[in-house]
């Protein structure tokens with residue numbers, strides 16, 4: 016599994032959700048899982064709400080660094096896990112099925128948008144997960160454990 020951090024310009028499609036204007040930057044955490052042939056099985060991109068990044072003391076290390084790619088994602092992972100246990104998580108699963116050509120087999124795409132809110136309902140982070148090479152997925156959501164399991 017590969018994992019890295021970046022500071023990116025918030026896409027216009029997420030700006031309103033994250034409470035920022037288009038063109039503002041925020042911390043993003045990427046996590047990619049590859050299959051035996053090197054194909055991407057899952058790619059998760061988590062956009063941290065700039066307000067949460069500014070207010071959370073445990074994330075202070077990410078605020079003082081312009082380039083965060085080499086920073087340890089551990090504190091962010093622990094904060095996200097704790098926030099998921101203490102707050103509210105909502106997930107939207109989208110599956111698309113398309114045909115490239117009449118003779119080609121159907122190609123599908125599966126994406127999950129996960130929003131993480133604190134106990135007051137304020138948005139903390141948005142995670143977009145994509146599964147480009149899936150043929151069968153099972154989602155299991157258990158509130159007793161943080162996150163969800165995909166098999």
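Residue numbers (the numbering used here): 16 to 166. Every residue, glycine too, gets a C-beta built ideally from N, C-alpha and C. Please read all numbers here as calculations on a predicted model, not as lab measurements.
Let me make sure I understand the geometry here. Which of the options has the alpha-carbon closest to that of residue i?
i: residue 148; options: 93, 96, 71 and 58; result: 58
i: residue 108; options: 136, 142 and 78; result: 142
i: residue 63; options: 16, 88 and 135; result: 88
i: residue 39; options: 45, 55 and 31; result: 31
i: residue 60; options: 134, 128 and 133; result: 128
i: residue 105; options: 134, 47 and 45; result: 134
i: residue 56; options: 74, 92, 136 and 17; result: 17
Would DSSP call residue i helix, strand or coil?
i: residue 36; result: coil
i: residue 137; result: coil
i: residue 50; result: coil
i: residue 106; result: strand
i: residue 96; result: helix
i: residue 20; result: strand
i: residue 44; result: strand
Measure how close the beta-carbons of residue i and residue j come, nearest whole angstrom, since I'm counting them as under 8 Å.
i: residue 110; j: residue 125; result: 5 Å
Measure the Cβ-Cβ separation of residue i and residue j and say whether it is below 8 Å.
i: residue 68; j: residue 24; result: no
i: residue 21; j: residue 35; result: no
i: residue 29; j: residue 138; result: no
i: residue 86; j: residue 76; result: yes
Any idea if residue i is buried or exposed, counting beta-carbon neighbours within 10 angstroms, 16 or more meaning buried?
i: residue 140; result: buried
i: residue 98; result: buried
i: residue 78; result: exposed
i: residue 70; result: exposed
Could you tell me whether any non-hydrogen atom of the ligand ATP is closer than 7 Å to the CB of residue i?
i: residue 137; result: In the structure on display, the ligand ATP does not appear, and there are no ligands present to speak of.
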